[in-house]
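Asker: Residue numbers (this note's numbering), protein chains in the order written: chain Z, 1001 to 1114; chain H, 162 to 275. Yeah, the Cβ is synthetic: ideal placement off N, Cα and C, and Gly gets one too. If you're wondering where the values come from, they're calculated on a predicted model, not measured in any experiment.
As structure tokens, then:
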């Protein structure tokens, strides 16, 4: 079975631009979460989605938005990019109802804002 | 608010030796989960071990074990018989039961010396 897949793996954007990051969860996983990992820090929670509905949001500005599609894949959108948005963006999936076995993470998208 | 603290930015261990990584956390909740994740250069976060707060017995997974001290809010990871493949960033993480937001520490970089 394929794991959590994220695309693209790397990208470079200019300040003020918009970016869309994509995530495909493990087959059968209906919950997707997004995390931002700034260099030298631990991941910070951005969003959690289940059945296309937002179920949790971290302390991020409204420039950050996300959505989940009927096939449970997800997109993270960031508008008006700032230099501080440069980070590794991790997507993670899990079955919604399960004894907590932890999230399964993807390998992330490395975003560089110049 | 819950916090997770890892006070060791970097640790080194000789191959085949034992090393302990420290983690403390702060919470007013009584029901929660604790995790150790490994992040190798491939960037994917890999679940190493998890502990339910209501269980007094320390979790063990092969060469990995934890020392969970609930009253002291301490959750250390012991790696026995260290191998070169154990070299990675290790993150301690917390989740309150009933939520799906993970709170990560800042990580400890583990170097394994041949």
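Quick one, which residues of the stretch 262-275 of chain H are near chain Z if we go by CB-CB under 7 angstroms, in chain order?
Answerer: Within the stretch 262-275 of chain H, the qualifying residues are 262, 263, 265, 266, 267 and 268.
Asker: In the DSSP output, which residue or residues are listed as bridge partners for residue 229/H?
Answerer: DSSP lists 236/H as partners of residue 229/H.
Asker: Could you tell me whether any Cβ in chain H is nearer than 9 angstroms to the Cβ of residue 1033/Z?
Answerer: Yes - at least one Cβ of chain H is within 9 angstroms of the one on residue 1033/Z.
Asker: Does the distance between the C-beta of residue 188/H and the nearest non-hydrogen atom of the ligand FMN fall short of 8 angstroms?
Answerer: The ligand content of the structure shown is nil, which means the ligand FMN is not present either.
Asker: Using the Cα positions of residue 1049/Z and residue 1077/Z, report the straight-line distance between them to the nearest angstrom.
Answerer: Spanning the two alpha carbons is a distance of roughly 14 angstroms.
Asker: Which of the three DSSP states is assigned to residue 1081/Z in this structure?
Answerer: Coil at residue 1081/Z, not helix or strand.
Asker: Residue 1021/Z by DSSP, collapsed to three states: which one?
Answerer: Strand.
Asker: Reducing DSSP to helix, strand and coil, say where residue 246/H ends up.
Answerer: DSSP places residue 246/H in helix when its eight states are reduced to three.
Asker: Check each residue of the stretch 190-203 of chain H: if its Cβ is closer than 9 angstroms to any Cβ of chain Z, include it; give the result in chain order.
Answerer: So the close ones are 194, 196, 198, 200 and 203.
Asker: Rounded to whole angstroms, what's the CA-CA distance from residue 1045/Z to residue 203/H? Just pull it up for me.
Answerer: Approximately 20 angstroms between the Cα atoms of the pair.
Asker: If you measure between the beta carbons of residue 1109/Z and residue 1006/Z, is that distance less than 9 angstroms?
Answerer: Their beta carbons are under 9 angstroms apart, which means residue 1109/Z touches residue 1006/Z by this criterion.
Asker: Beta-carbon separation of residue 251/H and residue 270/H under 9 angstroms?
Answerer: In this structure, residue 270/H lies closer than 9 angstroms to residue 251/H by Cβ.
Asker: Could you please give me the residues that DSSP links to residue 1010/Z through a beta bridge?
Answerer: Answer is 1110/Z, bridged to residue 1010/Z.
Asker: Can you tell which of 174/H, 167/H and 163/H has its C-alpha closest to the C-alpha of residue 274/H?
Answerer: Ranking the options by Cα distance to residue 274/H, first place goes to 174/H.
Asker: So residue 177/H packs on residue 243/H, CB below 8 angstroms; how close in whole Å?
Answerer: So it is a contact: roughly 6 angstroms between Cβ atoms.
Asker: Among 1091/Z, 1072/Z, 1051/Z and 1080/Z, which one has its Cα closest to the Cα of residue 1061/Z?
Answerer: Among 1091/Z, 1072/Z, 1051/Z and 1080/Z, the Cα nearest to that of residue 1061/Z belongs to 1080/Z.
Asker: From residue 192/H to residue 1072/Z, what distance separates their C-alpha atoms?
Answerer: Rounded to the nearest angstrom, the two C-alpha atoms are 29 angstroms apart.
Asker: For residue 1067/Z, write down the residues that DSSP places opposite it in a beta bridge.
Answerer: 1075/Z, per the DSSP bridge assignment.
Asker: Give the single residue among 1015/Z, 1010/Z and 1058/Z whose Cα lies nearest to the Cα of residue 1022/Z.
Answerer: Nearest of 1015/Z, 1010/Z and 1058/Z to residue 1022/Z, Cα basis: 1010/Z.
Asker: Consult DSSP for residue 206/H and reduce its assignment to one of helix, strand or coil.
Answerer: Coil, per DSSP.
Asker: For chain Z, find out if any of its Cβ atoms is closer than 9 angstroms to the Cβ of residue 165/H; answer yes or no.
Answerer: Judged by the 9 angstroms Cβ criterion, residue 165/H is in contact with chain Z.
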